Structures are given as structure tokens and as C-alpha cells.
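In terms of the numbering used here, the sequence shown opens at residue 848 and continues consecutively. In what follows, a single structure is set out as C-alpha cells and then discussed.
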Amino acid sequence: MKLLSRMLCSSLMLIACAFLNVNTASAAGRPRYIQEGEIKIRFYYDQAFYGNQFWNYSNLESDLMSALNHVGTYSLGLQFVRDNSSFNFLVDMGSRQVWSRTHSKDWMDANLPIETGHVKVLIHFRGMTPDGICYDDIEGSNYSSVDEGITWRALPSGGRASSHLMVTAKAGCSVNSTAAKSQSSIKSTFVHEVGHALAHPGAYSNQAQCKTAPTASIMCHSVKSGLVRSWQKWFSQDTTLIRTDVFDTSSKQYPRVSCYEYSSYQVCDNECINTAGFPNQGATEIYENCRRTYCDNMCR
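What follows is the structure in C-alpha cells.
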């Protein structure tokens, strides 16, 4: 994207305007945000999953946290930290292989209750459906309904979040299948559920963030045909909604820019020159303003 829309903003609105245009900004000049607050993530694993499928993934926990750190840096301006305190990260979910939302909530309330300031994440290898019935195992049902993750939360406050959530590594719900989800699929579901933990209600296919090519927002529950949601894709309304709730105020709805990523000062300067509109009137002022705002604040 050209920087023209940014240059039209008044000097007092440069940061807010830069944020509102982040989704179409060129990759070379994207803003890196100051990470505020403390969203503490605590990982738990069902014993059956940890003893069998967990080791088929590559540094799963680190990969999930890296995704959140990327989101915090480039989209939400939030600080995500892994809870490294002493706790038993293994739990026993028993013999039930297909879980309803009611079963899931009752179990989480009893075994991993919501704790202020923590986002508790349970990863397992069980089928999850709204009603606890896997219709894929009912011959002739011609119906399928599967949950990949589910979150329950208290309202976030003071830069922190309190919730517990489940993510399944099982592909589908059939008790006759041992197919596992890919690591990228688990990561997508995980980031989506953490978004719910931060009070985002989710979006549907008729909303802009779910039908705008080439990729849809990670907070979409469903997307327009032909699109896929990306954990790296957050629309401005996703970010402002989450930050307003996390910090209890609209005054922090926009993340603060730390610096701008360009491959070199010259690349940034050239972009400012190209968008200034020389020799049009006011081009020099636009160019100088652009250079001060972006090139002089490049990430080191």
C-alpha cells in the first residue's frame, strides 16, 4: 500500500491512522506495537494425549506461544506470557471419547476452574460436539457437527484475562478414527480460542473480516466460500474490541506503535518520496512528515 492515506491524517492522528491502515500496509513498513498488559497462558494436557500424540508435534507449546507473541507484536499490542509457575500440567479426562459442551464445561469447572489472571488451555485428543453425539458414527445420519475448541471466560480486566478453554488435536469426532489435526490447524484453533478468552465474541461469514480476500480474520466462526482464516489476520475492529475490554477503557483501544519495519532507511525514504506527490503543492511537507514519522522511527 502507498502511504498516501496516512499522510492525509493530521499530525495528532498519525498513530491512530497508521493503525487503521495496518491491514493493507506493505510488509516492508508494517508497524510493530508496544506490548502492554499481561495475558498469562497456562498449558495443560490430557494424559492420554500427552502419552501418545503430543510427541508427534514439533515443539507444540513453543510454537503456540510464538504465534501469540507475533499477534501481540503486530496486531493486538498485548503481552502474552507462558505461566512457568509450578503446577501439575497433566490431567486425566477419563474414558469418555466424545464430549458435549455441557460435559466439557462441567469437567473444566471441577478440575481446572477459572482463576483470576490466568488463561488455562487444555489440549486433548477427544471428539467434541455441541450435544456429545458424533453423527459421523451414525450410519445414514447425513449430518456432521464438530467443535474444535471451546472457551469459557470471566471478563478481562486491568490488562489481564481469566478463562479456561479446550482445544482438541483429534480430527473429527469419530471413535473409529485416529486421525490427528495438523499442527497448523491446532495453532489456528488455539489463537481463535484465546481471542474468545479476551472477550471477542467471534465473527460470522456476513461480516467484512470474514469475506475479505485473500484471508479471513482468525476470529471468524465461518468464512465466505473459498477463503480460509489466518491466525496472523486481525481487522482493526477485532483489535479495538479486544483492547477496550482487556483494559476496561476505550482510551487504550489502539495499540501504541513501537517502531516501523522497513528493510532499510532508503526503502522508507523512497516510499515517502513516491507518495508525496511532487511537484504538487504541499508535497514537501507531506514528504518531511512521512520521513519523520516512519523513517526516523524504524525498528533497529
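Think of the CB as a built atom: it goes at the ideal place given N, C-alpha and C, for glycine as much as any other residue. Predicted model only: the values in this text are computed from it and were never measured.
Scanning His965, Met975, Ser1098 and Asn1121 for the CA closest to the CA of Cys1020 turns up Met975. Within the region 1083-1132, the runs of beta strand (DSSP E) at least 3 residues long that lie entirely inside it are, in chain order, 1104-1108.
The residue among Ser1110, Ala1046 and Ile1089 with its C-alpha nearest the C-alpha of Tyr1101 is Ile1089. Secondary structure in the region 882-963: the alpha helix (DSSP H) runs of 4 residues or longer, each lying completely within the stretch, are 894-898, 907-918 and 948-958 in chain order. Here Asp978 has Ser947 as same chain residues with Cβ atoms under 7 Å from its own Cβ, once five neighbours each way along the sequence are excluded.
Boundaries of the alpha helix (DSSP H) around Gly1042: Gln1030 to Ala1044.
Cβ-Cβ separation between Val968 and Ile888: approximately 6 Å, consistent with a contact (criterion under 8 Å). At a Cβ-Cβ threshold of 9 Å, Glu885 and Gly964 count as neighbours. The criterion of a C-beta distance shorter than 9 Å is satisfied by Asp893 and Leu937. Linking Met1013 to Gly996 through their CA atoms gives a straight-line distance of about 5 Å.
Taking Asp930 as the centre and dropping the five residues before and after it, the same chain places the C-beta of Lys887, Ile888, Arg889 and His965 closer than 7 Å to its C-beta, in chain order.
Non-local C-beta neighbours of Glu962 in its own chain, meaning closer than 6 Å and more than five positions away in sequence, are absent. In this model, Arg1103 and Tyr921 are separated by some 11 Å (Cα to Cα).
Rounded to whole angstroms, Gln1113 and Thr1086 show a C-alpha spacing of 31 Å. Burial state of Glu1040 is buried, judged by a 10 Å Cβ sphere holding 16 or more other Cβ atoms. By the CB criterion at 9 Å, Val928 and Trp1081 fall outside the cutoff.
One alpha carbon belongs to Trp954, the other to Asp984, and they sit about 24 Å apart. Contact between Glu1108 and Arg877 is confirmed by a C-beta separation of about 5 Å, below the 8 Å threshold.
The region 1033-1047 makes contact with the region 898-913, as at least three CB pairs between them are under 8 Å. Listed in chain order, the non-local C-beta contacts of Tyr904 below 7 Å within the same chain comprise Gln1030, local neighbours out to five positions each way being set aside. Cys1137 is classed as buried because its beta carbon has at least 16 other beta carbons within 10 Å across all chains shown. Straight-line spacing of the CA atoms in His1043 and Lys952 works out to 15 Å.
Residue range Val966 to His971 is occupied by the beta strand (DSSP E) that includes Lys967.
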